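Protein chains in written order, with full-length UniProt numbering: chain A, 1 to 825; chain B, 1 to 357; chain C, 1 to 221. Step one of this worksheet: look at the structure below.
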Amino acid sequence: MAMLRISLLALLSHWRRHPLQLFSILTGLWLATALWTGVQALNSQARADYARASALLAGPAQAQLVARRGERFEQAAYVQLRRSGWPVSPVLEGRLRFAGAEPLSVRLLGIEPLTLPPGTVVAGQPGGASDLRAFIGPPGQAWIAADTLQRLGLQPGERALTSDGQRLPPLQVHTQLAPGVIVVDIGHAQALLQAPGQLSRLLLPADFAVRPPDLPAALAELLQLQPSSAGDDLQRLTDSFHLNLSALGLLAFLVGLFIVHAAIGLALEQRRGLLRTLRACGVSLRGLIGALAVELGLLALLGGLAGVACGYLLASLLLDDVAASLRGLYGAEVAGQLSLSPQWWLSGIAMSLFGALLAGGNSLWRAAQLPLLALALPQAWRAAQSRWLRRQALLAGVLLLLAAGCWRFGDSLLAAFAMLAALLLAAALLLPALLDATLAVLARHSRGPLAEWFVADSRQQLPALALALMALLLALAASVGVGSMTEGFRQTFVGWLDQRLSADLYLTPRDTAQALEISAWLAGRPGVEAVLPNWRVDMRLQGWPVQLQGIVDHPSYRRHWPLLEQRADAWTQLAAGQGAMLSEQLARRLKLGLGDRLPLPGAEGEQHLSVVGLYADYGNPRGHLLVSADWLRRHWSEARLSNLSLRLQPAQVAALKEQLEQRYGLDATRLIEQATLKRWSTAVFERTFAATAALNSLTLLVAGVALFISLLTLGHSRLGQLAPLWALGVGRTRLAWLSLGQTLLLASLTVLLAMPLGVLLAWCLVAVVNVQAFGWRLPLHVFPGQLLQLALLGLLTSLLAAAGPLWQLARRQPADLLRQFADER
Amino acid sequence: MNARQALLIGALLLLGACDEAPQPPGGFAGLGADAAAFAQVERGRPLQFPADHGAHHGYRIEWWYVTANLSDEQGRDWGVQWTLFRSALRPGADEPGWNSPNLWMGHAALTGPYGHQSGETLARGGIGQAGVEAQPFRAWIDDWSLHSTAGEGLEHLQMQASGKDFRYLLQLDSDGPLVLHGAGGYSVKSGQGQASWYYSQPFYRVSGEIERAGQRYAVSGQAWLDREWSSQPLAADQHGWDWFSLHLDGGAKLMLFRVRQADGLHYRAGTWIAADGRAVALRGEQIQLDELAWTRQANGRKVPTRWRVRVADHGVDVQAESIQPRAWMGTSFPYWEGPIRLEGSPGGRGYLEMTGY
Amino acid sequence: MLIVENVYKSFVTAQGSLPVLRGVDLQLSTGSSLALMGESGSGKSTLLHLIAGLERVDSGRILVDGQPLQGRREAELARWRREGIGLVFQQYNLIGSLDVAANLSFQARLAGRHDQAWIGHLAERLGLASLLARYPEQLSGGQQQRVAIGRALAARPALLLADEPTGNLDEASSAAVLDLLLELVSETGSSLLMVTHSARLASRLGRTLYLRQGRIQPGEA
């Protein structure tokens, strides 16, 4: 023990003399852990909220009965099943809209507390452990999470008014409740959703659902049993989003580890003598390695603690945007405040320890291999370097093969990300070899002793700077890739939105009756060019939620509905009730193409339509299907007239809007102008990528820090290389400029290589990852302006990174340089 | 019975509360205070049949309660219980839809040589999942039912229910008259005057089939139906009770109950029913009930499962022994209910219900 | 002609000002050689650094062909080092990233006096002809010092300054290296100022001076 303590103290004394190295290691661990844990915090908060949302009514693995067609069914089916001995419990779900500065919609869940299957947990409490009479009412209770209450700007006990003028039971805060949900008694739910006698699903106790009897014949046509896993839609839909975040977090983590690796390696090199001395003084190898490991552990703990704290901060800064994205993209509700388990904190520290071990393991290994006596000749760096370059290039080749394999044979998001990772890693590993080859070419063309030295010395610096340059390459390429994808998506999305949102006013009626009434009223108005009704049925196809939209035959669709692929007479066939158009992601999910037959479960059995067109439907996590309204209403009597698109004469828009508002009591959530709708959609889009952009910039920052620290740690050994030149008559200022030039040369070569790599990355993202993650493929856009901007940013980063160490060099007293020649050295 | 009222209120309003759940303040009578708006039980109103077989909206609580003492072909004793409770969350008429103030609760049990099985089910009123109609008589909750197969009243009933690992389908026939307890059905439940409307049909002959763990048994025997409704039947210091319904050899029937009070002065009452159906109300001092032996139940509490029952004025001095001493009803609000056999003078069998242990 | 007049130099240390040279006078005529001896810390290397323009004097003068070094800007001093002198250090101080050939010609090319024939001759004389493509780390100590000598003489400097050039070598190699050095110096006609600990080596040079406590030992100037 004493030996360990003494060795440890001797080892730690190094840091007193090299605070910069200590700072580097801690910074590396700190940044790596912060970014990783920050992302994990976001993910785990979101997942916890999904879990709360799906556990709203979850007992252990519950099954449920849902309508075969449409979303809701008559309550009589519930009574009939109960009276046939089925222990089912009714649930009605829907969305409540609330007016406000920004209109909000909240999921309303109506439950029947008496019949909930045993073991059911409602809002984190055993089913109905609270006061049943108070819950049922009157006036009843509306359970809500504090977070949602705050978002709605309401107070506990208040009776909120929906935008339809319905009054909720008094609100009661339940801490365990998922965000974005209000739970009420089923009776209140039917009133609030204006769905008297309607139910969304029936819950079954898990043990009953294992071997349920056959459904009564009359109900078998209406209902179908759905295994509990299908309830985790949210989890499945959002998986890709979280995987994206995780991938970014992991990238940042790795980039941070580059710093740690470089700094720990340097510290070992500088302490070779100390290690030998300790061994010579009788410290056992095991004791020495133990001391080094303890030292590494201490560093990891310190860096990890700081990292986890900053990760928390980072996550709380990004949470709003992430929550907005998830709500916009998936309708998933995530609380605006972090509440993380101690497990998260521990795992953050563990990640830091793991990272330190990963980054420092190599150094520990080398320390263990260190010969006891031999003051080994300095390694022949040339031979070592070319060996090193060959090995890395070989590894890069293997990784490229792996990437190609993933691309060719992979069919999952994981494979897509594996491909990305292999590609990036291969590029990083190839970087030193590429730089070395480029410098070799330059060397052949350089004239003059300083030019030759400039190139030769740059090559010599390569191994020391390689890791930092790799980090820069990865960060920049990721920035370019993600930037191109985002910007390309933005352009595609905005263009698509412009085309798709061609009507002047969008009207969401209360119900079909009101919609018909409004249509009739509008038909005679002056200034109304067209009223396009959208009929809607919700169903599941192969377990995937799908919206069927029935449209009337109108030329504006031919003009404004952008199609990716179509048959020649697509719109005619659709209007004739023979063809259907599918959203891109639905077509991919169902593996259907043009001309294929699509079976749809109708009232009188399966209906078949031919696929006549495919269209983009960005941002919709559900499948979308376009059919003829007449055909839809013929086969689905429950089809609702869900909204009206009004094409108006521009001068009449404002007046008609006002008339509609007053005549039918429609508020901003139900009557939306095109511009407003576009603004909302674009805002959702922007926020979706805000977190991504932030993480990206942070990664670039970390890469900059890596470069800075590498150059800083290099500064010391650089002195020995620069002193002879100074002695031979090269001025200090000139030396500083030359050094800066060297860094910039390496950095600009790296930046140059990062650009095509980034574009390749962008292609992978739009053509492989997006397809797997979201189901849509985007055209690849390259934005030269953006590339230039990022390239300059990369150069600026390296310039800043090089500036510090150079400033130190230029500031050096001649005595420091002279010391390089002194015999006492 | 007070017992059943407590069950109802406790189970429905503290739904999900387990055995350890604290009782509401003021014993089981916690809700008594705001009962004023409900219809009140008042002496002197004559009962009218078949209308009074149906539900009495406006009263807070009500039940249809059948217990049957049966024998299988090997002569072994079985007991069957079928109960439907109605509880109103608030005064007022029944409304269709989820706004109905009624909550319904069904309890069913099968007790026999292999043990005791029970089941429970709950339903909201107003949607048709549970209910009672007077004419023709029909009471149901989920797939459990008690309904008339012939005649205007309760003479011929079919009774069925099922639970985990048991089910039964029984035919009940009676030619005896309905028995009104207390004064023409006005039954006092405490010294402070709490009362309920209470009548019975104790003269059923039963035949049918029971099924336990996949085994079916043909059975026959006797059954007893209780009807009771009230709004404020409980006194604040009453915390449990013991209730007996006895089929005596020779055809006479005996109903006895004891409400245990905190002060130890238990309130006792009962009805002596001659074989021809003539009923005589019993005063407390005519009844002697003594616990002889106790059995520990699933909730860890001890419950008296052997009693000495004496009504000297009618020559009754018997030991009542439970057929299955662990006839524990592990329902939302647990209690003990099971068949008993009588030894002594006269012999016979019957049902015992105990709560508050 | 190199003239050092009454040169003072002290260094600032944590313990205060530490005087190293306290009025040194010295003259070296063109083509002659001088050995500078003295104990460790007597200021030999400091004097050499001052003459090389690597440090500046506190007071006194150093004149080269009649021109003072003090007062020159950093760039002029660098030019003096580049063109006026050759430097040989005990630690060789070769440029690790360049091979032997590039190291040999480096200073001459910097000075703009690259003469391939002369450098070829130097390599030949120094026994480096077969090692031109090697890198410094692949050479023995004696070989590295020969490269350093070649580099210093490649531009045919008027003055060669050597700071214990054989301090890292064994005795046999020392003698061989010094022989080469002296022969080549006589070929270029350079003056030589060499700092050494070894009286045996010093005896090979034209004159020997002793530095003691920052001054030239009296009577020996």
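Glycine included, C-beta positions come from ideal geometry on N, C-alpha and C. Keep in mind it's a predicted model, so treat the numbers as computed, not measured.
Item	Value
Contact between the segment 287 to 296 of chain B and the segment 304 to 311 of chain B (3+ Cβ pairs under 8 Å)	yes
Within-8 Å CB hit, A/Pro60 to chain B	Note that A/Pro60 scores a pLDDT of 44, beneath 50, so its modelled location is shaky; the value from the coordinates is reported in the next line. False, the Cβ-Cβ gap to chain B never drops below 8 Å.
A/Arg83 at chain B interface by Cβ criterion, 8 Å	yes
Partners in chain C for A/Ala456, counting only beta-carbon separations shorter than 7 Å	Ser97, Leu98
Residue range of the unbroken alpha helix (DSSP H) whose run includes residue 826 of chain A	Since the first residue shown for chain A is 1 and the last is 825, residue 826 of chain A is missing from the structure and cannot be characterised.
CB contact check: A/Glu452 to chain C, cutoff 8 Å	yes
Completely contained alpha helix (DSSP H) runs for the segment 148 to 219 of chain A, where each covers 4 or more residues	186 to 192, 206 to 210
Per-residue contacts from C/Arg82 into chain A (C-beta, under 7 Å)	Leu728, Gly729
Beta-ladder partner(s) of A/Asn534, from DSSP	A/Ile551, A/Asn643
Neighbour-count burial assignment, C/Arg200, 16 or more Cβ in a 10 Å radius	exposed
C/Tyr210 versus C/Pro157 - alpha carbon distance	25 Å
A/Gln772 versus A/Ala356, A/Arg734, A/Pro621, residue with shortest Cα-Cα distance	A/Pro621
Endpoints, the beta strand (DSSP E) within which B/Phe38 is located	It is not in any beta strand (DSSP E) - B/Phe38 carries neither H nor E in the DSSP assignment.
is_contact[C/Glu183, chain A] using C-beta, thresh 8 Å	no
Where the alpha helix (DSSP H) containing A/Trp365 begins and where it ends	342 to 369
Distance, A/Phe354 Cα to residue 870 of chain A Cα	Look at the range of chain A in this structure, 1 to 825, and you will see that residue 870 of chain A is not part of it.
Same chain, Cβ closer than 7 Å to A/Ala433, five either side skipped, listed in chain order	Leu389, Gln392, Ala393
Proximal residues of chain A, C-beta to C-beta of C/Arg79 below 7 Å	Gly729
Proximity test, Cβ basis, 8 Å: residue 826 of chain A and chain B	This structure gives no information on residue 826 of chain A, because the portion of chain A shown stretches from 1 to 825.
Anticipated Cβ contact below 8 Å, A/Leu644 with A/Leu532, distance rounded	7 Å
Sheet register partners of B/Asn102 (DSSP bridge)	B/Ala88
Outcome for A/Glu269 when other beta-carbon atoms lying within 10 angstroms are tallied against a minimum of 16	exposed
Neighbour flag for B/Asn99 against chain A, beta carbons, 8 Å	yes
Sequence-distant residues of its chain with Cβ nearer than 6 Å to B/Asp242 (five each side left out)	Arg258, Met354
Alpha-carbon to alpha-carbon, A/Leu469 and A/Phe708	10 Å
DSSP-derived helix/strand/coil call for A/Ala376	Only weak support is given to the placement of A/Ala376: the predicted model assigns it a pLDDT of 41, under 50, and the value that follows is read from those uncertain coordinates. It is coil, neither helix nor strand.
Residue-level contact to chain C via CB, A/Ala723, 8 Å cutoff	yes
Nearest candidate by alpha-carbon position, reference B/Glu120, set B/Ser332, B/Gly344, B/Trp336, B/Gly356	B/Ser332
Integer Cβ distance of A/Leu698 from A/Leu35, believed to fall under 8 Å	6 Å
Beta carbon proximity, A/Thr115 to chain B, threshold 8 Å	yes
Alpha carbon of C/Arg72 to alpha carbon of C/Arg56, nearest angstrom	10 Å
Buried or exposed by the 16-neighbour rule on C-beta atoms within 10 Å, applied to residue 359 of chain B	Residue 359 of chain B cannot be examined here, being either before or after the span of chain B that is shown, 1 to 357.
Selection from A/Val173, A/Gln166, A/Ala142, A/Leu132 that minimises the alpha carbon distance to A/Gln150	A/Val173
According to DSSP, residues forming a beta bridge with B/Gly344	B/Val318
Segment contact, 8 Å Cβ cut-off, at least three pairs: the segment 160 to 173 of chain B with the segment 182 to 197 of chain B	no
The segment 308 to 324 of chain B / the segment 336 to 348 of chain B touching (three or more Cβ pairs under 8 Å)	yes
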